[in-house]
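Under the working numbering, the final residue of the sequence shown carries the number 373; numbering is consecutive throughout.
Here a beta-carbon is modelled for each residue, glycine too, at the ideal position from N, C-alpha and C.
Contents: one structure, followed by commentary.
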Amino acid sequence: MTGVVDSFGRSIGYLRISVTDRCNLRCLYCMPPEGVPKIAQSEILSYEEICAVARAGAELGIRKVRLTGGEPLVRAGLPGLVRMLSQIDGIQELSLTTNGTLLKQYAPALKEAGLSRVNVSLDTLKADRFRCITCAGELSDVLEGIEATRNTGLHPVKINVVVIRGTNDDEILDFAEMTRKAEWHVRFIELMPFKGTAEFVPSIELRHQISSMGKLEPCHDSAGPAGNGPAAYYRLTGAKGTIGFISPLSEPSFCSRCNRMRLTPDGKLRPCLLREDEIDLRTPLRNNASSEALKRLIQKAVASKPERHHLEAGSNPCPKAATSRGVMNRRMSQIGG
Ligand code: SAM
Ligand code: SF4
């Protein structure tokens with residue numbers, strides 16, 4: 037057991053750090069085409085400030101750190117941050133979630149700086165649809181980025197697919213087929229009801245579809261892609277890769293396994309992705325707070341972690357209908373997915 041234990045007995049050993057709210061894509065479920073008002077540069081944590089939080093977290097038992105955004109690779113000098121974080125005692129795994137468009141350029145430097153692994157978000161295998169979903173991107177950039185990452189030895193690369201009814205739910209079998217052809221670790225994620233999002237597809241429906249291709253065998257290898265994260269993993273008999281399902285909406289026990297907290301680009305510690313409570317770390321950081329003071333704030337955030345979110349599966353996932361407390365205050369790109 038690692039990390040601080042919250043009020044519900046969950047051990048919190050994982051910190052997701054959003055390094056920027058900026059992005060070079062505009063995924064239709066995440067950002068409007070015109071973008072969103074940017075957090076002022078002066079409000080965004082410096083790499084030194086991020087490391088001060090990570091160091092205090094590591095002293096409390098944080099063992100895994102994931103960098104995310106916005107698009108983390110659009111922030112200048114990201115490999116430098118990876119290097120700084122990799123030198124913090126106690127942090128055992130340092131990973132990155134990215135849209136993959138800049139990976140070809142950065143994968144070797146990231147590996148060299150000490151990154152452990154990469155998750156790439158990819159919602160379609162069709163070039164024209166990719167342009168529609170992301171408003172801007174080129175599928176070939178992401179595919180080349182995935183290859184470049186594998187070639188550097190960053191392994192396993194996990195592919196995150198957010199499934200949106202009527203948009204990409206006709207590609208489930210194509211993604212599953214990729215796990216047969218190559219060592220792709222595909223994870224289907226239920227679309228969460230952030231601002232402006234469309235309809236999610238329950239994981240059970242996807243499992244039924246994929247079962248038509250062959251037997252889906254549960255996969256429990258904790259050293260492999262299964263790890264100890266939120267996904268339930270399976271493998272089609274004989275396939276090289278795996279298929280995971282992340283079901284925040286349809287799986288009632290999803291939150292009972294939550295082991296994480298999030299740090300926003302502007303220095304707010306967010307105990308739950310889907311609740312609006314945040315603890316400000318930027319002000320104390322800029323007032324030269326000691327590591328002990330930061331640790332007390334982190335412990336306070338852990339203690340305030342709610343037992344569960346209150347998004348109701350099956351409800352119309354527009355923000356007002358989906359949360360008991362109204363519209364979410366931030367988009368996913370402003371929190372870090
Ligand atoms: N830009 C990077 C990327 O796309 O991987 C990192 C940030 S992005 C916010 C992190 C993850 O959140 C992506 O896998 C994205 O697909 C996912 N995401 C964004 N909005 C979501 C939503 N409403 N529901 C479920 N996942 C979402
Ligand atoms: Fe950018 Fe990632 Fe959001 Fe897409 S999901 S708009 S790539 S932050």
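Residue from the options with nearest C-alpha to residue i
| i | options | result |
| --- | --- | --- |
| residue 70 | 81, 78, 58, 80 | 58 |
| residue 43 | 337, 171, 368, 203 | 337 |
| residue 267 | 275, 276, 273, 255 | 255 |
| residue 214 | 158, 173, 200 | 158 |
| residue 125 | 95, 152, 168 | 95 |
| residue 219 | 186, 367, 203 | 186 |
| residue 308 | 346, 211, 134, 142 | 346 |
| residue 54 | 201, 109, 270 | 109 |
| residue 117 | 284, 146, 175 | 146 |
| residue 197 | 211, 270, 343 | 211 |
| residue 115 | 144, 224, 135, 107 | 144 |
| residue 98 | 169, 129, 216, 269 | 129 |
| residue 64 | 305, 251, 204, 170 | 170 |
Residue i classed as buried or exposed, judged by whether at least 16 other C-beta atoms fall within 10 angstroms
| i | result |
| --- | --- |
| residue 370 | buried |
| residue 351 | Caution is warranted here: a pLDDT of 42 is assigned to residue 351, below 50, making its placement in the model unreliable, and the coordinate value is therefore given only provisionally. Classification for residue 351: exposed. |
| residue 273 | exposed |
| residue 302 | buried |
| residue 323 | exposed |
| residue 48 | buried |
| residue 229 | buried |
| residue 163 | exposed |
| residue 293 | exposed |
| residue 244 | exposed |
| residue 240 | exposed |
Segment limits, beta strand (DSSP E) that includes residue i
| i | result |
| --- | --- |
| residue 160 | From DSSP, residue 160 is part of no beta strand (DSSP E); its letter is neither H nor E. |
| residue 254 | 252 to 254 |
| residue 221 | 221 to 226 |
| residue 137 | Counting along the chain, residue 137 falls outside any beta strand (DSSP E), and DSSP gives it neither H nor E. |
| residue 194 | 194 to 199 |
| residue 52 | 50 to 54 |
Boundaries (first-last residue) of the alpha helix (DSSP H) holding residue i
| i | result |
| --- | --- |
| residue 292 | Looking at the DSSP string, residue 292 is not in any alpha helix (DSSP H), and its letter there is neither H nor E. |
| residue 336 | 327 to 339 |
| residue 180 | 175 to 188 |
| residue 65 | No alpha helix (DSSP H) contains residue 65, which DSSP labels as neither H nor E. |
| residue 239 | 239 to 247 |
Distance cut-off 7 Å: residue i Cβ against heavy atoms of the ligand SF4
| i | result |
| --- | --- |
| residue 368 | yes |
| residue 109 | no |
| residue 160 | no |
| residue 59 | yes |
| residue 135 | yes |
| residue 71 | no |
Residue i: CB within 7 Å of a non-hydrogen atom of the ligand SAM
| i | result |
| --- | --- |
| residue 154 | no |
| residue 65 | yes |
Cβ distance (whole Å) where residue i is taken to contact residue j below 8 Å
| i | j | result |
| --- | --- | --- |
| residue 90 | residue 61 | Between residue 61 and residue 90 the Cβ distance is about 27 Å, and since that is not below 8 Å, they are no contact. |
| residue 235 | residue 285 | Not really, about 11 Å apart at Cβ, beyond 8 Å. |
| residue 315 | residue 330 | About 10 Å separates the two Cβ atoms, so there is no contact after all. |
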